[in-house]
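Asks:
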Amino acid sequence: LGPLTNIALAVRLDPELPRKVKDFYFMGGAIAARGNTENVTAEFNIFCDPEAAFIALEAFPHAALLSWETTLAYPIPAATFRSLISRESVASQFLAGISQQTFDYVSGIGFPGYLIPDPLAMAIALDPSIIRQAGDYHVTVELAGTLTRGQTVIDYMGRRQPKNCTIVEQVDIDAVIAMFERAVQ
């Protein structure tokens, strides 16, 4: 979760790490260049440390990527999220405490739900059956571009390197909401 700095450092400290890890899931990248940073084509987690993302993608034989665009397509509906954070449980109150400000902000700008990029990536790691559609591609990161530094570069046509990444394209948001429901009981 977050930029891949610690993953890249771990790989540098233990080059065998990628072969010791069964699955590598991460939230990061803008698969259609619809970024959320000052560099309009890059997603925050990759943009913050593009070298780390490059190292991780090169080191691991295969990764699963949840993109910014996919998270935009699968928010928790606002009414559902209000219900999740209004319960009496400690977990519900914790969720409210860490998310209320962001929820109020996105509601204020007219977004119809609560975005869950990192929690959605964690949900997928915990239960990959949540993935409804995905595709395998070669993915790397632009390191030198004046306008595109930190952009996720995907070879959709399969013309260059071997496929190293499964890109999550669709998820079962109802299953994710059910996970949240169980967590805040």
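Position one of the sequence shown corresponds to residue 220 (the working numbering), numbered consecutively onward. Virtual Cβ for every residue (Gly too), placed ideally from N, Cα, C. Computed from a prediction, not measured in an experiment: that's the story for all the values here.
Apply the 10 Å Cβ neighbour rule to Gln370 and answer buried if 16 or more other Cβ atoms are within range, or exposed otherwise.
Replies: Gln370 should be labelled buried.
Asks: What would DSSP say about Val325, mapped onto helix, strand or coil?
Replies: Helix at Val325.
Asks: Since Val360 and Asn383 should fall inside the 8 Å C-beta cutoff, what is the C-beta to C-beta distance between them, to a whole number of angstroms?
Replies: About 12 Å separates the two Cβ atoms, so there is no contact after all.
Asks: What are the boundary residues of the alpha helix (DSSP H) that Leu232 is part of?
Replies: Note, Leu232: alpha helix (DSSP H), Thr224 to Leu232.
Asks: Rounding to the nearest angstrom, what Cα-Cα distance links Glu257 and Ser308 in this structure?
Replies: Cα to Cα, the separation comes out at about 38 Å.
Asks: Can the beta-carbon of Ala298 be found closer than 8 Å to that of Ala227?
Replies: Their beta carbons are not under 8 Å apart, which means Ala298 does not touch Ala227 by this criterion.
Asks: Please give the ranges of any beta strand (DSSP E) in the segment 248-300, keeping only runs that are unbroken, at least 3 residues long and fully inside the region.
Replies: Runs of the beta strand (DSSP E) inside the segment 248-300: 282-285.
Asks: Let me make sure I understand the geometry here. Which of Ala272, Ala394 and Leu366 has the alpha-carbon closest to that of Ala229?
Replies: Of Ala272, Ala394 and Leu366, the residue nearest in Cα terms is Ala272.
Asks: Answer with buried or exposed for Ala251, where buried requires no fewer than 16 other C-beta atoms within 10 angstroms of its C-beta.
Replies: With fewer than 16 Cβ atoms within 10 Å of its Cβ, Ala251 is classed as exposed.
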